[in-house]
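All remarks here apply to the structure that follows.
There are 2 protein chains.
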Amino acid sequence: MNFKAEIDIMPLEAILDPQGKAVTQSMGNLGLNEISNVRIGKHITLKVEANDEAAAKEKVDTACKKLLANLIMESYTFTLTEV
Amino acid sequence: MNFKAEIDIMPLEAILDPQGKAVTQSMGNLGLNEISNVRIGKHITLKVEANDEAAAKEKVDTACKKLLANLIMESYTFTLTEV
Chain B
1 MNFKAEIDIM
11 PLEAILDPQG
21 KAVTQSMGNL
31 GLNEISNVRI
41 GKHITLKVEA
51 NDEAAAKEKV
61 DTACKKLLAN
71 LIMESYTFTL
81 TEV
Chain R
101 MNFKAEIDIM
111 PLEAILDPQG
121 KAVTQSMGNL
131 GLNEISNVRI
141 GKHITLKVEA
151 NDEAAAKEKV
161 DTACKKLLAN
171 LIMESYTFTL
181 TEV
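Listed in order, the protein sequences are those of chains B and R.
Going by my numbering, the first residue of the first sequence is number 1, and it counts up by one from there.
Going by my numbering, the first residue of the second sequence is number 101, and it counts up by one from there.
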């Protein structure tokens, strides 16, 4: 079975996000003062082959932990859909 | 009304994603050969104040077009939830 994973990796709430802060300020310069609290992370899509959804979930989890996310500074969530 | 927007910005399908390609290769080195087709984009969350959902949608759309996404190389999608 083939699955598509959609992974969101975001900086932890407790951690300053300077890129997001800079973008929040720029919003004001563009006349979009109603926009605040911008936080910027990564969105990753990938294909995974596995026998079932549970196995696919485990593989994506391993990929996030070992390679994609830095768990000291980031948290991740993901969804799987069969393709 | 306050809304939270969740924005995904991804490189267009037609465009090479060298970062994603490098990560796909690293998956093999980690023993995760079942993972392929990694594509890496941005996930952005922000708060927006507006009178109604339609107005909020327009503001987020403007922010994406003018600042967050490079429409020549990237496409964006977003969802709004009232908070």
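We put the CB at the ideal spot given by N, CA and C, even for glycine.
Annotation: Cβ neighbours of residue 37 of chain B in chain R (cutoff 7 Å, chain order): 146 and 147. Contact holds between the stretch 137–144 of chain R and the stretch 109–124 of chain R, because three or more Cβ pairs, one in each stretch, are under 8 Å apart. With respect to chain R, the C-beta atom of residue 62 of chain B has a partner C-beta closer than 8 Å. Out of B:10, B:8 and B:53, the CA that lies nearest to the CA of residue 2 of chain B is found in B:53.
When only Cα atoms are considered, residue 121 of chain R and residue 67 of chain B end up about 14 Å apart. Nearest C-alpha to residue 32 of chain B among R:128, R:144, R:125 and R:150: R:150. In terms of beta-carbon proximity, residue 10 of chain B lines the interface with chain R, with at least one pair separated by less than 8 Å. Between the C-alpha atoms of residue 70 of chain B and residue 171 of chain R there is a straight-line separation of about 29 Å.
Around the C-beta of residue 112 of chain R, fewer than 16 other C-beta atoms lie within 10 Å, and the residue is accordingly described as exposed.
At least 8 Å separates the beta-carbon of residue 106 of chain R from that of residue 162 of chain R. Here residue 77 of chain B is not near residue 4 of chain B, since their CB atoms are 8 Å or more apart.
Using a 10 angstroms sphere on the CB of residue 159 of chain R, the tally of other CB atoms reaches 16 or more, which defines it as buried. Rounded to whole angstroms, the gap between the alpha carbons of residue 28 of chain B and residue 173 of chain R is 25 Å.
Contacts with chain R at 8 Å (Cβ-Cβ) include residue 50 of chain B. If you draw a straight line from the Cα of residue 155 of chain R to the Cα of residue 65 of chain B, it comes to about 39 Å. Interface residue (Cβ-Cβ distance to chain B less than 8 Å): residue 159 of chain R is classified as such.
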